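Presented below is the structure to which this report refers.
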Amino acid sequence: MIAYLRSLSRRFFQRAQVGTELEEELRAHVDLRADALERSGISRAEAERRARIEFGSLERFKAECRDALGGNFIDQLLQDIRFSARSLRKSPAFFAVAVITLASGIGATVTAFSVVNSVLLRPFGFSHPQRLLWIYSQRVDNPRTNFSLPEYCDYPDQNRSFEALGAVASFNVGLSDSVEPERVQGVRITANAFTILGARALLGRTLIPADDRNGAEPVVMISYGLWSRRYAKNPDVIGRSVNVNGEPRQIIGVLPSSFALPNLDTDIVVPLQPESDPRRNARNSVNFLRMFGGLKPNVTAQQAHAELDSIRQNLQRQYPEALTGKIGLTLLPIADEIVSNVRSVLLSIFCAAAALLLVGCTNLAGIALSRSGARQRELAVRAALGATRRQLARLLLAESAILAVTGGALGVLIEIASQRALLRLVPTDLPRIESFAIDWRVWLFAGVVVLIATLICGIAPAWLLSRTELRDALASRNRASTGGGQSRLRAWLVGGQIALALVLLANAALLFRSFFRVSSERPGFDAANVVTVRFSLPQSGYVEREQFVRFYENLYPRLKALPGIQNVGLVSILPLAPKSISFIHFTRPDQPPSNPQNTPSTNYRIVSADYFRTMGIPLLAGRYFTDEDDGERPPVAIVSSVLAKNHFADRSPIGQRVLIDDNDAGPRPVEIVGIVGAVKQTTLETPARPDLYLPLRQAHKDGLSFLRNSTYWVLKASPNAPLSASQLRTEIHRVDPNVAVGDLRPMSNVMNSALASRRFSLLLIGSFAGAALFLAAAGLYAVISYGIQQRTREIGVRLALGATRGRILAMIFKEGALLLGAGVAVGLALALMLAQLVANQMYGVSERDASSFALVSLLLAVVSLLACWFASRRALNVDPVTALRCE
Amino acid sequence: MSDETAELLPGTLDLLILKAVSLGPLHGYAVLARIEQISGGKLLVEQGALYPALFRLVRQGLLKPEWGTSDNNRRAKFYELTARGRKRLREEADWWNRTVAAVTAALRARPQET
């Protein structure tokens, strides 16, 4: 076998040499013969002429010699390819159509795959991702909430299922060094995390347990993205000092690009240091931690869940008040949790692309079929000249291979060229997309796709070839002898295209309706001409409320005085910020909950007096906050209509007092002074939850640490106000140069990103569906007009015998309608079967929405019948006399 | 579409080439001349058809090709019989003689002798 391969390769690489040697040898022969003839007394020129004639065709014997060398698989392949290329060159239109169809199909599929690969398939930067679990605290109304620090500290001591348990908290960071201060998003994580996760540093080192200890050197790791963006991948950053929220920390390592945690941005990673944290023993302190752990060998996730839950129940008995509302634990495999939100979207985009490719391939198979019908005589001649059926089939496959490879190469080129545009188009919250790369998996996939496309496009004509009697084709003067097999096969193919197109269209229609529903959801605020900017205050200098208030009072008039600014407000968390969670528990003193588990919770926002006016959040009852609501006055709150409706159904909440649990010391009373409209705080799809707002001037000290790391200014400008980020930055830095300022973002942009994921999949699947519709219609057109062409004579006879053109038309439309009906029926069945897979992407519309299905069926029918009509115009123009004379 | 000449007289061209070359290394044209000579001019081989046969024999390891110079100073490829080729020549010649003898005997047969 190896010897055979070696000889094959030798032959292949020495082909050129063998060719010239052969040439030389045969020439020598002719010359020697000429010498002999010359000796017999003929002139040299005549001798050479005769010698050449006697020898016969040089080319033919050369070919035979090559054959005699044997085993020329590669030669034959090259010959097939040369030959097919020649025959394709003769029909450039077919070639162009085929290559464009395949290139777009393969391009779409490979592009979709490259995103799937980057997000779902590429290994996570963990050593045993299947043994890593992500752990949330479960509440009545939310399965994914956080733990408090003392709570976390109790679990590792008692657990036996995990090698170790770590904890992580999101961390809003103002970053500054020699470069301009920047606001980034990071995590604080226990230093055992990298041992648990089995993640390594790309550069430098990871956190080690010593970094957790009291008095350890303050250190920080940075993400691959931050390293590339801010430090231009300079390896010298290791060991540099950088200010993190005003505190100098040494950069010890760069995280690999594959590093990601569920629902957390990790631009910055700092050690959590639980033991030195002031909240270490504050049982009532804020819930801000998520836990994770690596299972011990031979422990299942269920066992681990059961064990942790029994620990939780013990804790609950010990600290019933602190653990109010917590009813369980949610344990999830870490990799699933990272990509859970996007998996079904990405997979359905990928399937849509693959379906489009399939439609394209079937379409080409149809065209190739009619080509091979037309070429029947050519093939028959070849067969008569000694080509075997196998050789002919190989020829047809070689043709489709050329098409698929050319189309594939073009498709991959498109993929690479559109990478930049693609990365702009994908929703920015797509996990792991920042390290998008076209790696070997993508190449392998592209190769497999090309192979499959070759087979689909080439198999049908080759199969047909195996069923036709080539000798008949040669004998018959009539091209119609290509027969029923071909027409039936083509009809099947077109039916399949219609079915697939219907599935794609139905999905696109459902996505469109969902998108429309979501985008017409009212967020509860008026985004028009509102811009926002997020910033972090330095750690030092912002501890007491007065310091915050002073900063606000200094900056507010400056911002208000900018040209075109109508209103300026401040808020701790902007609406539609899906990753930020801040909620508290509250109780009505007159209705204490029967069971501590049932203590209601509400979103919790600290706002300035002008926030509601700036955002256009309507006042429904009572009053807005004023500047008089400060530390000297009794604490007040504003609630949303949802809170009022859910918890004050019996009376107006205005003037009522509630106990809010927003500080480590325990619940404190605030008086409700106003009701405002409900606001969608997390996503447009999630129904508005209760909101409770507190005025900045009365914020509790315990809430300020949060405010320090993340505050949004919102500015309402008049249309066309000349507002720039640098202008804002200048004003902010005039008040305090150490403030890290984030990007200026129009509120409409925030709205848009809330729709980004839907827009992305709608755009892609919609265009795939459109392309599939076009291809299916083109396929139908081709099969109908081919049928008419085949039956020109029959139509002529019918017309001559007195059939009206209407009847001819009816005959043709019947054929089209039959195909359409079958295709639509299969497509509908398929779409209904697959509906469950896209159910979680639907909003406000059932995944089996009958009107959508009916609508796309109608669309498909109209387009198909149009195609039939265009095709049938030829039939109507048949002149009976000409048609009959043709024969 | 293999060699038609060989089909006319199956195996004979190979045999004749082996025989011709057995008397000493020859280039292609000389092989033809030698066959013509030793057959007394009775067997004519189509010139071009010789080469596929030569290549086939080389591939079977019966002949060994080598470039050299002809009598009148032309560069040409000389073919030499290998040990295997010599053995094959003997076998083929035996086979041919037996076949010819058998066919001849068969053709001599008369009705009464059967």
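Line by line, the protein sequences are chains D and H.
Note that the working numbering has the first sequence beginning at 1, numbered continuously upward.
Note that the working numbering has the second sequence beginning at 888, numbered continuously upward.
Using N, Cα and C, we set each Cβ at its ideal position, and we do this for glycine too.
Note that the structure is predicted; figures quoted are calculated from it, not measured.
Less than 8 angstroms divides the Cβ of Leu264 of chain D from the Cβ of Val168 of chain D. With distances taken between CA atoms, Leu331 of chain D lies nearest to D:Trp134 out of D:Trp134, D:Pro143 and D:Ala509.
Scanning chain H for C-beta atoms nearer than 9 angstroms to the C-beta of Gly56 of chain D yields Glu933, Gln934, Gly935 and Ala936, reported in chain order.
When DSSP states are grouped into helix, strand and coil, Glu544 of chain D belongs to the coil group. If you draw a straight line from the Cα of Leu502 of chain D to the Cα of Ser118 of chain D, it comes to about 29 angstroms. Restricting attention to D:Val269, D:Leu819, D:Trp227 and D:Ile581, the CA atom closest to the CA of Asn287 of chain D is found in D:Ile581. The residue among D:His647, D:Pro563 and D:Asp629 with its C-alpha nearest the C-alpha of Pro593 of chain D is D:His647. Taking the beta carbon of Glu794 of chain D as reference, no residue of chain H falls within 7 angstroms; the closest one sits roughly 41 angstroms away. For Gly911 of chain H, not one C-beta of chain D is nearer than 8 angstroms to its own C-beta.
Excluding sequence positions up to five before and after Val345 of chain D, its CB lies within less than 7 angstroms of the CB of Ser757, Ser761 and Gln841, all in the same chain and listed in chain order. The three-state reading of DSSP puts Ile498 of chain D in helix, counting H, G and I together. Ala963 of chain H has a beta carbon lying within less than 8 angstroms of a beta carbon in chain D. In the structure shown, the three-state DSSP call for Val845 of chain D is coil. Residue range Arg389 to Ala417 is occupied by the alpha helix (DSSP H) that includes Glu415 of chain D.
Here Arg729 of chain D is not near Arg558 of chain D, since their CB atoms are 8 angstroms or more apart. Any Cβ of chain H closer than 8 angstroms to the Cβ of Phe83 of chain D would place that residue at the interface, and such an atom is absent. Sequence-distant Cβ neighbours of Thr266 of chain D in its own chain, meaning closer than 6 angstroms and more than five residues away, are Val187 and Ser223. Where His585 of chain D is concerned, the enclosing beta strand (DSSP E) starts and stops at Phe583 to Thr587. When the beta-carbon positions are compared, Arg588 of chain D and Gly742 of chain D stay at least 8 angstroms from each other. Pairing Val442 of chain D with Glu685 of chain D gives a Cβ-Cβ distance that is not under 8 angstroms. Against chain H, the CB of Cys457 of chain D has no partner CB under 8 angstroms away; the residue lies outside that interface. Closest in alpha carbon position to Asn529 of chain D, among D:Asn214, D:Val750 and D:Ser91, is D:Val750.
Annotation: the continuous alpha helix (DSSP H) that includes Lys906 of chain H extends over Thr899 to Ser909. When the alpha-carbon of Gln591 of chain D is set against those of D:Leu165, D:Ile795 and D:Pro600, the nearest one is in D:Pro600.
DSSP, read as helix, strand or coil, puts Asp691 of chain D in strand. Inclusion of Arg490 of chain D and Gly366 of chain D in the CB contact set at 8 angstroms is warranted, their separation being smaller than that value. If you look at Lys645 of chain D, you'll find it in the alpha helix (DSSP H) that goes Ser641 to His647.
Apart from the 5 residues on each side of it in sequence, Leu910 of chain H sits with its Cβ closer than 8 angstroms to the Cβ of Arg921 in its chain, given in chain order.
The contact set of Arg33 of chain D on chain H, defined by CB atoms closer than 9 angstroms, consists of Tyr916, Leu919 and Gln934 in chain order. If you keep only unbroken beta strand (DSSP E) runs of at least 3 residues inside the stretch 910-976 of chain H, you get 950-956 and 962-968. Contact annotation: Leu574 of chain D and Thr532 of chain D have beta-carbon atoms nearer than 8 angstroms. As DSSP reads the structure, Asn720 of chain D sits in no beta bridge. Around the beta carbon of Lys680 of chain D, 16 or more other beta carbons lie within 10 angstroms, which makes this residue buried. Between Gly766 of chain D and the set D:Pro262, D:Leu505, D:Pro320 and D:Asp277, the nearest pair of CA atoms involves D:Leu505.
Using a C-beta cut-off of 8 angstroms, the stretch 277-293 of chain D makes contact with the stretch 135-151 of chain D, since at least three inter-stretch Cβ pairs fall below that distance. In the structure shown, Asp526 of chain D adopts coil according to DSSP, grouped into three states.
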